[in-house]
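Heads up: the structure comes next, in structure tokens.
Residue numbers (my numbering), protein chains in the order written: chain C, 583 to 923; chain U, 583 to 923.
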């Protein structure tokens with residue numbers, strides 16, 4: 583198929599084996615005020631980590647979802663990120679090194695997306711770190727309502743809510759929360775958040791050089807995962823209003839918020855969808871929520887948890903309360919999310 | 583060609599004629615704390631515009647380059663943006679309405695990218711606004727060293743430096759600079775900035791539904807413009823290190839900075855290139871600069887002036903000095919660029 587050939591080599595890379603390391607070096611060079619890179623252990627670290635007396639936050643997962651997780655390292659969010667190879671779990675050694683590097687003496691929270699490899703490796707890393715005297719709590723994100731179980735997951739996949747967990751738990755840690763308190767608010771965000779994604783095209787990993795999955799010229803994958811895992815069904819493309827209506831129904835139906843609950847609406851691009859379309863999707867989402875007597879009091883629109891160059895969009899809704907709103911609004915200084923003093 | 587069919591319809595849109603208006607509505611809904619939308623005049627306005635006693639900044643141009651310009655409206659940057667239809671100049675009426683809406687009594691600066699339609703319409707708008715008693719200065723950006731004259735331009739095209747002009751002139755206005763001072767620093771940024779872009783794929787406008795230009799599976803357009811205008815030549819794809827070396831040579835050779843000049847390095851995605859590749863490009867750029875005894879003391883990496891979903895990257899270098907560095911670092915609160923108090 584010529585469509586396959588067309589996209590296969592269209593990347594700014596050198597040796598595909600070096601993509602992650604070279605990109606990490608670029609991240610470090612671009613943001614020396616925020617992060618430092620430990621290339622030997624393959625880590626992105628908050629520049630001033632460990633922060634004494636502050637709970638450390640560690641996340642990680644396969645690369646290819648940038649800016650997740652490395653772009654969220656910095657004051658008010660993560661203390662360290664462990665990037666694996668593209669779409670491949672990081673290894674326990676990385677996670678242990680990260681955990682020790684960010685331990686400020688009051689424990690470390692692991693934020694883990696629900697994929698089998700990530701869960702297994704973070705569990706082992708937590709045990710190893712605890713053997714070395716670091717107190718560790720783990721929080722699992724599993725917000726994707728599209729499917730139960732999937733290619734790499736038992737139970738629901740962890741997707742967009744992970745960004746919100748990292749921001750809000752990061753703010754709680756920055757404000758002096760204990761490990762138990764930071765873990766509790768992280769779990770609260772996961773419990774009150776739901777997501778759903780749609781892909782219009784596949785992505786291409788540098789190592790494979792060909793699309794991860796085949797999709798027809800007039801098709802979309804409804805309920806796609808962030809590695810191109812199958813969703814609920816393959817169907818014909820429709821106008822944005824209809825697609826967003828069905829996505830909203832899936833998310834709101836599962837979340838089932840009380841009337842009047844303020845929402846954080848997170849419209850996330852999967853990488854290849856232009857921003858003009860993401861805002862158009864946000865406009866449709868706003869209308870869909872209004873039809874249900876719901877309102878987004880906070881919004882986030884952009885490419886924050888991606889699948890390389892996949893064209894697609896996910897919607898995440900988080901049921902806010904005063905605590906979560908205040909923690910969301912708190913200052914954050916990372917390469918990809920930055921506001922406040 | 584099946585590659586053409588594959589991408590043609592892969593968009594989250596309703597009626598293509600409504601894309602710009604619906605996306606603007608989404609921008610307004612997502613960022614009510616920063617901007618407001620005037621749909622009748624097709625404007626993005628700083629929420630509290632006009633700011634009395636502050637020089638107003640207006641820019642605009644065809645849509646499809648998001649977040650440029652609407653995403654840069656807010657405190658410390660633009661007071662208004664006039665979006666045209668996709669890749670189509672806004673009209674003078676829009677520009678006049680924007681100019682009047684942001685006039686705080688001390689004049690308005692028009693920031694105009696060097697494209698024939700934009701230049702003509704902004705010139706007419708400036709005359710009309712002055713007839714109505716608003717003092718207007720105009721600054722042209724023309725930083726693209728790839729080609730002299732082009733499909734829509736006499737002289738060099740205005741590209742990446744436009745983002746830097748909007749940020750730095752915006753900071754100057756926020757700090758109380760006069761119209762003459764704000765215009766002078768805007769011209770200084772344009773004079774000290776140079777850009778060069780490379781495309782790996784075409785974009786697809788919603789109205790056309792087919793790629794703007796044809797490009798082979800192993801080809802790149804070296805020196806591309808932000809509407810897909812031809813560059814210096816079509817050539818075979820090469821490793822990122824070689825591409826960036828040649829891009830750097832084109833930019834540094836033309837800018838010719840004195841040794842030791844601090845640089846702002848702006849690695850910009852054209853829309854469809856994953857962030858992991860943009861940081862890899864930044865890593866190569868850092869090495870290329872070091873080879874020449876140059877250093878980027880400030881960096882910006884991401885999708886800031888795009889061509890819809892085009893896969894590609896541009897590099898902009900700005901020769902900094904103390905004034906420009908301080909204005910770059912000053913707080914900014916816009917949907918797409920945000921830092922500081």
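Ideal Cβ placement from N, Cα and C applies to all residues, glycine included.
Does the distance from the CB of residue 640/U to the CB of residue 663/U come in under 9 Å?
One-based indexing of the second chain puts residue 640/U at position 58. One-based indexing of the second chain puts residue 663/U at position 81. It is a contact, given that the beta carbons lie within the stated cut-off.
Cβ shell of residue 628/C (< 6 Å), same chain only, five flanking positions each side left out
Your numbering for residue 628/C matches position 46 in the first chain. Once the five neighbours on either side are set aside, the close Cβ partners of residue 628/C are 655, 656 and 661.
Excluding five sequence neighbours on each side, which residues of the same chain lie with their C-beta closer than 8 Å to the C-beta of residue 658/U?
Numbered from 1 along the second chain, position 76 holds the residue referred to as residue 658/U. Closer than 8 Å at Cβ, skipping near neighbours: 749, 752, 753, 756, 912, 913, 914, 915, 916 and 922.
For residue 798/C, which of 919/C, 819/C and 619/C has the nearest alpha-carbon?
Here residue 798/C refers to the residue found at position 216 when the first chain is read from its first residue. The shortest CA-to-CA distance from residue 798/C to any of 919/C, 819/C and 619/C is the one to 819/C.
Listed in chain order, which residues of the region 857 to 877 of chain C have Cβ atoms closer than 7 Å to some Cβ of chain U?
Residues of the region 857 to 877 of chain C with a C-beta less than 7 Å from any C-beta of chain U: 857, 858, 859, 861, 862, 863, 864, 865 and 868, listed in chain order.
So, at 6 Å on beta carbons, what are the nonlocal neighbours of residue 601/U in its own chain, with the 5 sequence-adjacent residues on each side left out?
Translated into positions along the second chain, residue 601/U becomes position 19. Correct list, in chain order: 595 and 788.
Assign residue 731/U to one of two classes, buried (16 or more other C-beta atoms within 10 Å of its C-beta) or exposed (fewer than that).
Residue 731/U sits at position 149 when you count from the first residue of the second chain. Label assigned to residue 731/U: exposed.
In whole angstroms, what separates the C-alpha of residue 871/U from that of residue 864/U?
As a first step, residue 871/U is located in the second chain; it is residue number 289 there, counting from the start. As a first step, residue 864/U is located in the second chain; it is residue number 282 there, counting from the start. As the crow flies, the alpha-carbon of residue 871/U is around 10 Å from that of residue 864/U.
Closest to residue 814/U by C-alpha separation, out of 832/U, 886/U and 771/U, would be which residue?
Counting from one through the second chain, the residue named residue 814/U turns up at place 232. Of 832/U, 886/U and 771/U, the residue nearest in Cα terms is 832/U.
If contacts are defined as beta-carbon pairs under 8 Å, then residue 718/U and residue 689/U qualify, I think. What distance do you get, rounded to the angstrom?
Position 136 of the second chain, counted from the first residue, corresponds to residue 718/U. Position 107 of the second chain, counted from the first residue, corresponds to residue 689/U. The C-beta separation of residue 718/U from residue 689/U comes to about 7 Å, placing the pair in contact by the 8 Å criterion.
Distance, residue 675/U Cα to residue 622/U Cα
By 1-based counting over the second chain, the position of residue 622/U is 40. By 1-based counting over the second chain, the position of residue 675/U is 93. Rounded to the nearest angstrom, the two C-alpha atoms are 11 Å apart.
For residue 668/C, decide whether its Cβ has a neighbour in chain U, counting only Cβ atoms nearer than 9 Å.
Within the first chain, numbered from 1, the residue matching residue 668/C stands at position 86. It does: the Cβ of residue 668/C has a partner Cβ on chain U nearer than 9 Å.
When the Cα atoms are used, what is the spatial distance from residue 739/C to residue 712/U?
Taking the first residue of the first chain as position 1, residue 739/C is located at position 157. Taking the first residue of the second chain as position 1, residue 712/U is located at position 130. In a straight line, the C-alpha of residue 739/C is about 58 Å away from that of residue 712/U.
Measure from the C-beta of residue 915/U to each C-beta in chain C and report whether the shortest distance is under 9 Å.
Looking up residue 915/U in the second chain gives position 333. At least one beta carbon of chain C lies nearer than 9 Å to the beta carbon of residue 915/U.
Show which residues of chain B have a CB atom less than 9 Å away from the CB atom of residue 825/C.
You won't find chain B in this structure, because its protein chains are C and U.
Does residue 722/U come out as helix, strand or coil in the three-state DSSP assignment?
Along the second chain, one-based indexing puts residue 722/U at 140. Here residue 722/U sits in strand by DSSP.
When you compare only the Cα positions, how much space is there between residue 667/U and residue 611/U?
As a first step, residue 667/U is located in the second chain; it is residue number 85 there, counting from the start. As a first step, residue 611/U is located in the second chain; it is residue number 29 there, counting from the start. If I take the Cα positions, the gap works out to 20 Å.
Consult DSSP for residue 645/U and reduce its assignment to one of helix, strand or coil.
Walking along the second chain from the start, residue 645/U turns up at place 63. Taken through DSSP and simplified to helix, strand or coil, residue 645/U comes out as strand.
Simplified DSSP assignment, three categories, for residue 661/C
Position 79 of the first chain, counted from the start, is the residue given in the question as residue 661/C. Annotated three-state conformation of residue 661/C is coil, per DSSP.
Could you tell me whether any Cβ in chain U is nearer than 9 Å to the Cβ of residue 920/C?
Within the first chain, residue 920/C is the residue found at index 338, counting from 1. The beta carbon of residue 920/C falls within 9 Å of a beta carbon belonging to chain U, placing the residue at that interface.
For residue 777/C and residue 743/C, which I take to be in contact (beta-carbon distance under 8 Å), what is that distance rounded to the nearest angstrom?
The residue you call residue 777/C lines up with position 195 of the first chain. The residue you call residue 743/C lines up with position 161 of the first chain. Contact between residue 777/C and residue 743/C holds: their C-beta atoms lie close to 6 Å from each other, under 8 Å.
Taking 9 Å as the CB-CB cut-off, is residue 912/U touching chain C?
By 1-based counting over the second chain, the position of residue 912/U is 330. By this cut-off, residue 912/U is not an interface position.
For chain C, check one thing: does any of its Cβ atoms lie closer than 9 Å to the Cβ of residue 752/U?
Start at 1 with the first residue of the second chain, and residue 752/U comes out as number 170. It does not; no Cβ of chain C falls within 9 Å.
Of all the residues that make up the region 789 to 805 of chain C, which are near chain U by a beta-carbon distance shorter than 7 Å?
So the list reads 799 and 800, given in the order they occur along the chain.
By DSSP's criteria, residue 914/U is part of a beta bridge. Which residues make up the other side?
Start at 1 with the first residue of the second chain, and residue 914/U comes out as number 332. Residue 914/U is bridged to 921/U.
Label residue 760/U either buried or exposed according to how many other C-beta atoms from any shown protein chain fall within 10 Å of its C-beta, with 16 as the threshold for buried.
Within the second chain, numbered from 1, the residue matching residue 760/U stands at position 178. Exposed, since its Cβ has fewer than 16 Cβ neighbours within 10 Å.
Hey, out of 920/C, 769/C and 827/C, whose CA is closest to residue 900/C's CA?
In the first chain, residue 900/C corresponds to position 318, counting from 1. Ranking 920/C, 769/C and 827/C by CA distance to the CA of residue 900/C puts 769/C first.
Please tell me whether residue 775/C has its Cβ less than 9 Å away from any Cβ of chain U.
As a working mapping, residue 775/C is identified with position 193 in the first chain. Interface criterion not met: the Cβ of residue 775/C is under 9 Å from no Cβ in chain U.
What's the gap between the Cα of residue 878/U and the Cα of residue 846/U?
Residue 878/U sits at position 296 when you count from the first residue of the second chain. Residue 846/U sits at position 264 when you count from the first residue of the second chain. Within the model, the alpha-carbon separation for residue 878/U versus residue 846/U is close to 5 Å.
Where does residue 741/U sit, in a helix, a strand or coil, going by DSSP?
Indexing the second chain from 1 puts residue 741/U at position 159. Reduced to three states, the DSSP call for residue 741/U is coil.
Please state the DSSP three-state secondary structure of residue 613/C.
Mapped onto the first chain, residue 613/C falls at position 31. Coil, per DSSP.
With distance defined between alpha-carbon atoms, name the residue in 855/U, 625/U and 876/U nearest to residue 593/C.
Along the first chain, one-based indexing puts residue 593/C at 11. Of all alpha-carbon atoms in 855/U, 625/U and 876/U, the one lying nearest the alpha-carbon of residue 593/C is that of 855/U.
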